[in-house]
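>
Protein chains: 2
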Amino acid sequence: MEDKKEQVEIDKKDLDEETLFVVSQTFKALGDPTRIRILNLLFHKEFSVNRIAETLHLRQSTVSHQLRFLKNLRLVKYRREGTTLYYSHDDEHVMNMLKQTIEHACHN
Amino acid sequence: MEDKKEQVEIDKKDLDEETLFVVSQTFKALGDPTRIRILNLLFHKEFSVNRIAETLHLRQSTVSHQLRFLKNLRLVKYRREGTTLYYSHDDEHVMNMLKQTIEHACHN
DNA sequence: ATAAAATATGAACATATACTAATATATACA
DNA sequence: TGTATATATTAGTATATGTTCATATTTTAT
Numbered sequence: 001m002e003d004k005k006e007q008v009e010i011d012k013k014d015l016d017e018e019t020l021f022v023v024s025q026t027f028k029a030l031g032d033p034t035r036i037r038i039l040n041l042l043f044h045k046e047f048s049v050n051r052i053a054e055t056l057h058l059r060q061s062t063v064s065h066q067l068r069f070l071k072n073l074r075l076v077k078y079r080r081e082g083t084t085l086y087y088s089h090d091d092e093h094v095m096n097m098l099k100q101t102i103e104h105a106c107h108n
Numbered sequence: 001m002e003d004k005k006e007q008v009e010i011d012k013k014d015l016d017e018e019t020l021f022v023v024s025q026t027f028k029a030l031g032d033p034t035r036i037r038i039l040n041l042l043f044h045k046e047f048s049v050n051r052i053a054e055t056l057h058l059r060q061s062t063v064s065h066q067l068r069f070l071k072n073l074r075l076v077k078y079r080r081e082g083t084t085l086y087y088s089h090d091d092e093h094v095m096n097m098l099k100q101t102i103e104h105a106c107h108n
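The listed protein sequences correspond, in order, to chains A and B.
When you line the first sequence up against full-length UniProt numbering, it's residues 1 to 108, in that order.
When you line the second sequence up against full-length UniProt numbering, it's residues 1 to 108, in that order.
1. Got a sec, what are the start and stop residues for the alpha helix (DSSP H) histidine 65/A sits in?
2. Going by the beta-carbon positions, is the gap between serine 88/B and glutamate 54/B smaller than 7 Å?
3. Any C-beta of chain B sitting closer than 7 Å to the C-beta of valine 22/A?
4. Give me the Cα-Cα distance between isoleucine 38/A and isoleucine 52/A, rounded to the nearest whole angstrom.
5. Using a C-beta to C-beta distance shorter than 7 Å, which residues of chain A count as neighbours of alanine 53/B?
6. When you compare only the Cα positions, how much space is there between asparagine 40/B and glycine 82/A?
7. Give every residue of the same chain whose Cβ lies closer than 8 Å to the Cβ of arginine 35/B, excluding the five residues on either side of it in the sequence, and list them in chain order.
8. Over the uninterrupted beta strand (DSSP E) stretch that includes leucine 85/A, give me the two end residues.
Put into C-alpha cells, the structure is as follows:
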C-alpha cells in the first residue's frame, strides 16, 4: 500500500494494485460453478431471476446474490418489465473467455 | 448429483459436472492476486522459487504453495538444476487469457 | 389502500482459501 | 557422513466465500 508507486515504477515485473484487483475480481467471478452456470445460461438470451433459479435448480436468493455479484462487475445487466427483471450478459470479452474455456474443457 | 444424467441429456442449458469443475478451477487459479503476479512474472522467462519470492516480496512457502496449486492444474511446469527448481508457464491458452485481461484492465 | 408477484437484502452458518511459522525433504558437495 | 542450499509440506489461524432462511422492498393490479 505504502510502496505502490515504487513497485509500479521500479519493479516493472510486477503489476500495480489496481490492475491486480480488477483482473483477480474478473477471474474470481468466473471461478464459481454457480456463476458459470448462470452466465452460460445467459449466453443466448435473457432470463428472469426466477427462470434462472428454476432452470438451474437454485434458490431464488442464491441466484439474486450471484446476479448482484455479476452486476457489480458489470458482467450482466437487466431490464425491467413490471415486477420481473430480465438479466442478460454485458461483457463480450468475459463471455468469450468463458466460451473458449468451456470448449477447451469439453473435448479434452 | 443423482440427477446429473438428467441434466446432461434433458436440460441442454446446463453444463455437466466435470466441465463445470475444470472451468471453475481454471478461473479460480487466475482469481487470486498472488497467483496472477506469479504467472505474470513467468510470462517471459523461467524463475526459481526463491527468485519469485524475492521479486514479488513473498515468503518462500507462500510461493511454493501457490506453485503447487498452479502445477496441479498444469498451468506451470519446472525443470531441476541441482537443488534449484526453475518454474515456467505451461498453458498457452490460460496465459493468453491472462494477458488479454491484464491489458483490458490497464488502459481503462 | 391492500394484496400478490418478483426480486433484493441481511444475518447466520459452514466451508474454502491464503498466509505463516516451523519443520521435513531433497540435492550437491566437502 | 555431515552440512549447506533450495524447496516442499504440515498444521494452525484468520479471512473470504457461497448458501440458506427469513424478511424487506418494489411494482402492478384490484
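The beta-carbon is built from N, C-alpha and C at its ideal position, and this holds for glycine as well.
According to the data block:
1. In this chain, the alpha helix (DSSP H) harbouring histidine 65/A covers 60-72.
2. Taking the C-beta atoms as reference points, glutamate 54/B is found no nearer than 7 Å to serine 88/B.
3. yes
4. 7 Å
5. Neighbours of alanine 53/B on chain A: none; closest Cβ ~13 Å, over 7 Å.
6. If you draw a straight line from the Cα of asparagine 40/B to the Cα of glycine 82/A, it is about 47 Å long.
7. Ala29, Gln66, Phe69 and Leu70
8. 84-89
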